[in-house]
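S.K.:
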Amino acid sequence: MKAAYITPIVNKSDKSYRPISNLSVLSKLFERLVSKQLVTYLKDNGLLPKLQSGFRAYHSTETAVLKVVGDILQALDTGNIALLTLLDLSAAFDSVDHSVLLQRLQKSYGLHGTVIGWFASYLTGRSQYVRTPASKSTPSFVLYGVPQGSVLGPGSFCSV
48 MKAAYITPIV NKSDKSYRPI SNLSVLSKLF ERLVSKQLVT YLKDNGLLPK LQSGFRAYHS
108 TETAVLKVVG DILQALDTGN IALLTLLDLS AAFDSVDHSV LLQRLQKSYG LHGTVIGWFA
168 SYLTGRSQYV RTPASKSTPS FVLYGVPQGS VLGPGSFCSV
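Per the numbering used here, the very first residue in the sequence shown carries number 48; after that it's consecutive.
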């Protein structure tokens, strides 16, 4: 349940390959249960940032853009200067240190005991390999990052 196979898919626009990570169906079902419990805990305890739109139900990029545009227009209408800085963090989840993430889950979100033990187990011992129709690579262990393609991947850890 901790092994992912990566399928390289051709990106038609620039002929490069885009890696698609695939996990077992059983793993995804189990992760969905944990994700629902985690999100419920975070909501019930007011631990989700009010303005976070990414990776949340009933929040969208459209509402986030409208908020930013509204704030800029309000600043300009009151005679202030508005400055917008954008960062591309698309690969940030590939470099997450597991021990730092687990410490953050404990200290900032109050997760302890069996729950932290489960997340530690979930993050460690994961492997991945590349699979094509003709061959398969040797599996390698994933030492950093949160699992891409999983239910508990970047979306669940976004507010953490």
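All C-beta atoms, glycine included, are put in the ideal place defined by N, C-alpha and C. None of the values given here were measured: they were computed from a predicted structure.
Could you check whether V177 and I53 sit closer than 8 Å to each other, using their CB atoms as the reference points?
M.R.: Here residue 53 corresponds to residue number 6 of the sequence shown, with the count starting at 1. Here residue 177 corresponds to residue number 130 of the sequence shown, with the count starting at 1. Contact flag set, yes.
S.K.: Would you kindly check if the distance between the Cβ of G196 and the Cβ of F140 is under 8 Å?
M.R.: Stepping through the sequence shown from its first residue, residue 140 is reached at position 93. Stepping through the sequence shown from its first residue, residue 196 is reached at position 149. No, Cβ-Cβ distance for F140 and G196 is not below 8 Å.
S.K.: Between the alpha carbons of S74 and W165, how many angstroms are there, rounded?
M.R.: On the sequence shown, position 27 is the one that residue 74 refers to. On the sequence shown, position 118 is the one that residue 165 refers to. Their Cα atoms are separated by approximately 14 Å.
S.K.: Find the nearest neighbour of R65 within the set P186, T185, T179, V189, judged by alpha-carbon distance.
M.R.: In the sequence shown, counting from the first residue as 1, residue 65 sits at position 18. When only C-alpha atoms are compared, the closest one is T179.
S.K.: If we call anything under 8 Å between Cβ atoms a contact, is A129 one with A122?
M.R.: To locate residue 129, count along the sequence shown from 1; it is residue 82. To locate residue 122, count along the sequence shown from 1; it is residue 75. Yes, Cβ-Cβ distance for A129 and A122 is below 8 Å.
S.K.: Starting from T54, trace the beta strand (DSSP E) both ways and give me its first and last residue.
M.R.: Position 7 of the sequence shown, counting from 1, holds the residue named residue 54. Per DSSP, the continuous beta strand (DSSP E) segment holding T54 begins and ends at 50 to 57.
S.K.: Report, in whole angstroms, the separation of the C-beta atoms of S187 and S174, which I expect to be a contact under 8 Å.
M.R.: For the purposes of this step, residue 187 is taken as residue 140 along the sequence shown, with counting starting at 1. For the purposes of this step, residue 174 is taken as residue 127 along the sequence shown, with counting starting at 1. With a Cβ gap of about 6 Å, S187 and S174 count as contacting.
S.K.: With which residues is R65 paired in a DSSP beta bridge?
M.R.: Reading the sequence shown from its first residue, position 18 is the one you call residue 65. Partner(s): I56.
S.K.: What number of angstroms, rounded off, separates the C-alpha of K183 from the C-alpha of S71?
M.R.: The count along the sequence shown starts at 1 and reaches residue 183 at position 136. The count along the sequence shown starts at 1 and reaches residue 71 at position 24. C-alpha separation (whole angstroms): 17 Å.
S.K.: Under 6 Å Cβ to Cβ from L170, same chain only, skipping five residues before and after it: list those, please.
M.R.: Taking the first residue of the sequence shown as 1, we reach residue 170 at position 123. So the list reads H145, once near-sequence residues are dropped.
S.K.: Check for me: the beta strand (DSSP E) holding Q195 runs from which residue to which?
M.R.: Counting from one through the sequence shown, the residue named residue 195 turns up at place 148. In the DSSP assignment, Q195 falls outside any beta strand (DSSP E) and carries neither an H nor an E.
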